[in-house]
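J.:
Protein chains: 2
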Amino acid sequence: MLLIADNLHIMNPVVAKALQARDPLPFKKIAEHCTKVNAYAMDINLGPLRNNVEEVITFVIEAVQDSFSGRLVLDSIQAEVIAAGIKICKQPPIINGFSLEEGKLQTILPLAAEYQADIVGFLIDEQGKIPSGTEERLAVASRLVAAAEEREVPPEKIIIDPVLVPLTWQDGTHYNRALIETIQILDQMFGQPIRTIAGLSNIGAGAPARVQRQTAEAAYIFMLAASHLDYILMNVAQESNLTALNLSQLLLAEKVFAWQEV
Amino acid sequence: MLLIADNLHIMNPVVAKALQARDPLPFKKIAEHCTKVNAYAMDINLGPLRNNVEEVITFVIEAVQDSFSGRLVLDSIQAEVIAAGIKICKQPPIINGFSLEEGKLQTILPLAAEYQADIVGFLIDEQGKIPSGTEERLAVASRLVAAAEEREVPPEKIIIDPVLVPLTWQDGTHYNRALIETIQILDQMFGQPIRTIAGLSNIGAGAPARVQRQTAEAAYIFMLAASHLDYILMNVAQESNLTALNLSQLLLAEKVFAWQEV
Numbered sequence: 056m057l058l059i060a061d062n063l064h065i066m067n068p069v070v071a072k073a074l075q076a077r078d079p080l081p082f083k084k085i086a087e088h089c090t091k092v093n094a095y096a097m098d099i100n101l102g103p104l105r106n107n108v109e110e111v112i113t114f115v116i117e118a119v120q121d122s123f124s125g126r127l128v129l130d131s132i133q134a135e136v137i138a139a140g141i142k143i144c145k146q147p148p149i150i151n152g153f154s155l156e157e158g159k160l161q162t163i164l165p166l167a168a169e170y171q172a173d174i175v176g177f178l179i180d181e182q183g184k185i186p187s188g189t190e191e192r193l194a195v196a197s198r199l200v201a202a203a204e205e206r207e208v209p210p211e212k213i214i215i216d217p218v219l220v221p222l223t224w225q226d227g228t229h230y231n232r233a234l235i236e237t238i239q240i241l242d243q244m245f246g247q248p249i250r251t252i253a254g255l256s257n258i259g260a261g262a263p264a265r266v267q268r269q270t271a272e273a274a275y276i277f278m279l280a281a282s283h284l285d286y287i288l289m290n291v292a293q294e295s296n297l298t299a300l301n302l303s304q305l306l307l308a309e310k311v312f313a314w315q316e317v
Numbered sequence: 056m057l058l059i060a061d062n063l064h065i066m067n068p069v070v071a072k073a074l075q076a077r078d079p080l081p082f083k084k085i086a087e088h089c090t091k092v093n094a095y096a097m098d099i100n101l102g103p104l105r106n107n108v109e110e111v112i113t114f115v116i117e118a119v120q121d122s123f124s125g126r127l128v129l130d131s132i133q134a135e136v137i138a139a140g141i142k143i144c145k146q147p148p149i150i151n152g153f154s155l156e157e158g159k160l161q162t163i164l165p166l167a168a169e170y171q172a173d174i175v176g177f178l179i180d181e182q183g184k185i186p187s188g189t190e191e192r193l194a195v196a197s198r199l200v201a202a203a204e205e206r207e208v209p210p211e212k213i214i215i216d217p218v219l220v221p222l223t224w225q226d227g228t229h230y231n232r233a234l235i236e237t238i239q240i241l242d243q244m245f246g247q248p249i250r251t252i253a254g255l256s257n258i259g260a261g262a263p264a265r266v267q268r269q270t271a272e273a274a275y276i277f278m279l280a281a282s283h284l285d286y287i288l289m290n291v292a293q294e295s296n297l298t299a300l301n302l303s304q305l306l307l308a309e310k311v312f313a314w315q316e317v
């Protein structure tokens, strides 16, 4: 399971302030931390951009690429933001992302075809809903891959995100249990390996205390790793997340095991 | 994932001493603790018994059943120990267990047919070896179920134990990774639900410190729970194990989730 940092997000006050001031330093610091913790990629989410799209995205990506040589995940609901970003990425970017919603199929998905880029496909149906059970999820996955193939994006380019939901949702744990089952059987359903990603930070929304949130996130890291999730998108400033990820990689033979590392 | 306590084991010095002295109190105390932590069952392993087999097993089971009303797992390589125990169990016992080794097929497996009891089937081949990869494990599982059916023990009565190995083994993490994959796909391979069990205490053999062992055991609890293991056999005197099990049950919707319980 490879690590993707979700720290460069407009909801992070440090990011919002630095973007406003066009201060590259906070971006470089986040990028340096991602390098330090061996992140495979960094997600970049600047929220909706109204003006100077190309200038803004270029400023951020250049600041980041000075200090981080991994891949970038271009996370936006605006095709023009993603398109502007793709052109200046030094490594193959990952587009984040599309779903069965018509707008996304029309505007975001074609970028993956045009630039032959990897793209995240959310298991969200035509009406914008997250399916609750495993069977509905597999059905949505099947329609998602078919829609991509129609637009010349092959399954090898798709990274499915079955969308972890907050534990405070009614039936939130049922949704997330179905997510775990789904990622375990996707490969078999498609008859070929399909990559998967999950965003961890969502689950803790509404947690009464930081320690509880950390405990739940660490537990999901182990559960998702055992289910062969390919990419985990998470807060890399949280030490307990990194500890759990490292241990899961040791125990699942992705690294050489030694008790001293535990 | 249901809890089975492995504390009543002859390797536990308290148990060895109490057995020697025919002191029922330590057995009752272990049983009371199992009741307190809501264990589904208790494994009873008294080691090889040479004399007074019936007297010894009766003494222990009666002491335990005074304070624990769950199921008992009769864990022995001696058919006569298991047979003596079965007769006095108040709840349906679980026989632990058989494998493809000829001796086990000849002596232990027939007890499951005779008493229509659940029986643990170890994924250990005809030569007494634990298969390393997932495919070999599935092949052994298939031969194991076939051997049981030949002796009138249907798949519904079998609880497969793919045998967690110590992390200090060469390739120990590869073995255990294959175990996790195996339990995820057993149902699909058999085309029907097959129950599974794993013994956690084995993995920590050789750990340099207690805290590392605890950390690794907790991680496996989450990974095995996400893989839909049915029964986890573990040390219920270790608080961190119970905490991890409780959290996994909350997160996997086996209990009603509330942040206060995390």
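Residue numbers (my numbering), protein chains in the order written: chain A, 56 to 317; chain B, 56 to 317.
The beta-carbon is built from N, C-alpha and C at its ideal position, and this holds for glycine as well.
Every value quoted in this text rests on a predicted model; they were computed, and no experiment measured them.
What does A:H64 pair with, by DSSP beta-bridge criteria?
T.: A:N100
J.: By the criterion of Cβ-Cβ separation under 8 Å, what are the contact partners of A:I235 in chain B?
T.: A281, L307
J.: How far does the alpha helix (DSSP H) with B:T228 in it extend, from its first residue to its last?
T.: Run containing B:T228: 227-245, per the alpha helix (DSSP H) assignment.
J.: Could you run through the segment 234-259 of chain A and flag, in chain order, every residue whose CB is less than 7 Å away from some CB of chain B?
T.: Within the segment 234-259 of chain A, the residues whose Cβ lies closer than 7 Å to some Cβ of chain B are I235, Q239, listed in chain order.
J.: For B:Q267, decide whether its Cβ has a neighbour in chain A, counting only Cβ atoms nearer than 8 Å.
T.: yes
J.: Could you pull the DSSP bridge partners for A:I334 from this structure?
T.: Residue 334 of chain A lies beyond the residue range present for chain A, which begins at 56 and ends at 317; the question has no answer from this structure.
J.: First and last residue of the beta strand (DSSP E) that includes A:L288?
T.: 286-289
J.: Going by the beta-carbon positions, is the gap between A:I179 and A:S197 smaller than 8 Å?
T.: no
J.: For A:D121, is the classification buried or exposed, using 16 other Cβ atoms within 10 angstroms of its Cβ as the cut-off for buried?
T.: Under this definition A:D121 is an exposed residue.
J.: Any contact between the segment 62-79 of chain B and the segment 291-298 of chain A? By contact I mean 3 or more CB pairs, one from each, below 8 Å.
T.: no
J.: Ordered along the chain, which non-local residues of its own chain (more than five positions away) have a Cβ less than 7 Å from that of B:K142?
T.: none
J.: Below 7 Å on C-beta distance, what does A:S303 contact in chain B?
T.: A274
J.: Our contact map puts B:D61 next to B:L288 with C-beta atoms below 8 Å; I'd like the distance itself, whole angstroms only.
T.: 5 Å
J.: Check whether the Cβ atoms of B:C89 and B:G125 sit closer than 8 Å, and answer yes or no.
T.: yes
J.: Looking at the secondary structure, which residues open and close the alpha helix (DSSP H) in which A:R268 lies?
T.: Unbroken alpha helix (DSSP H) run through A:R268: 265-281.
J.: Would you please verify whether the beta carbon of A:V220 is less than 8 Å from any beta carbon of chain B?
T.: So, not an interface residue.
J.: Quick one: what does DSSP say B:G74 is sitting in, helix, strand or coil?
T.: Per the sequence shown, the amino acid found at residue 74 of chain B is Leu instead of Gly. The answer is helix: DSSP assigns B:L74 an H, G or I state.
J.: Taking A:A94 as the reference, give the member of A:I85, A:G102, A:T251 with the closest Cα.
T.: It is A:I85 whose Cα lies nearest to the Cα of A:A94.
J.: So, is the C-beta of B:F114 closer than 8 Å to a C-beta in chain A?
T.: no
J.: Is B:A253 closer than 8 Å to B:P37 when the C-beta atoms are compared?
T.: Because residue 37 of chain B is not part of the residues shown, which for chain B are 56 to 317, the question remains open.
J.: So the beta strand (DSSP E) B:A201 belongs to, where does it begin and stop?
T.: Premise fails: B:A201 lies in the alpha helix (DSSP H), 189-205, not in any beta strand (DSSP E).
J.: Name the DSSP bridge partner or partners of A:L58?
T.: A:I287
J.: Quick one: residues in its chain with C-beta nearer than 7 Å to the C-beta of B:Q247, no 5 flanking neighbours on either side, listed in chain order?
T.: P210
J.: Residues of chain A with CB under 8 Å from B:P263, in chain order?
T.: W314, Q315
J.: B:A86 lies in the alpha helix (DSSP H); which residues open and close that run?
T.: 79-91
J.: For A:S282 versus B:A281, is the C-beta distance shorter than 8 Å?
T.: Yes, they are a contact pair.
J.: DSSP three-state call for A:T113: helix, strand or coil?
T.: helix
J.: Tell me which residues share the same chain as A:R268 and place their Cβ nearer than 7 Å to its Cβ, disregarding the 5 neighbours each side in the sequence.
T.: G259, A262
J.: Taking 8 Å as the cut-off, decide whether the C-beta atoms of B:R206 and B:A168 are in contact.
T.: yes
J.: Quick one, which of B:E110, B:G183, B:M97, B:G188 has its alpha-carbon nearest B:P147's?
T.: B:M97
J.: At a Cβ threshold of 8 Å, is B:G140 touching chain A?
T.: no
J.: Going by beta carbon distance, what residues of the same chain come within less than 8 Å of A:V111, once the five residues before and after it are set aside?
T.: L74, L101, L104
J.: Figure out for me which residue from B:L199, B:K83, B:L166 has the closest Cα to the Cα of B:A118.
T.: B:K83
J.: What do you get for B:A271, buried or exposed, if any count of 16 or more other CB atoms within 10 angstroms of its CB means buried?
T.: buried
J.: Closest to A:Q182 by C-alpha separation, out of A:V195, A:W224, A:Y170, would be which residue?
T.: A:V195
J.: Between B:A273 and A:E135, what straight-line distance do the alpha-carbon atoms span, to the nearest angstrom?
T.: Straight-line measurement puts the Cα of A:E135 at about 45 Å from the Cα of B:A273.
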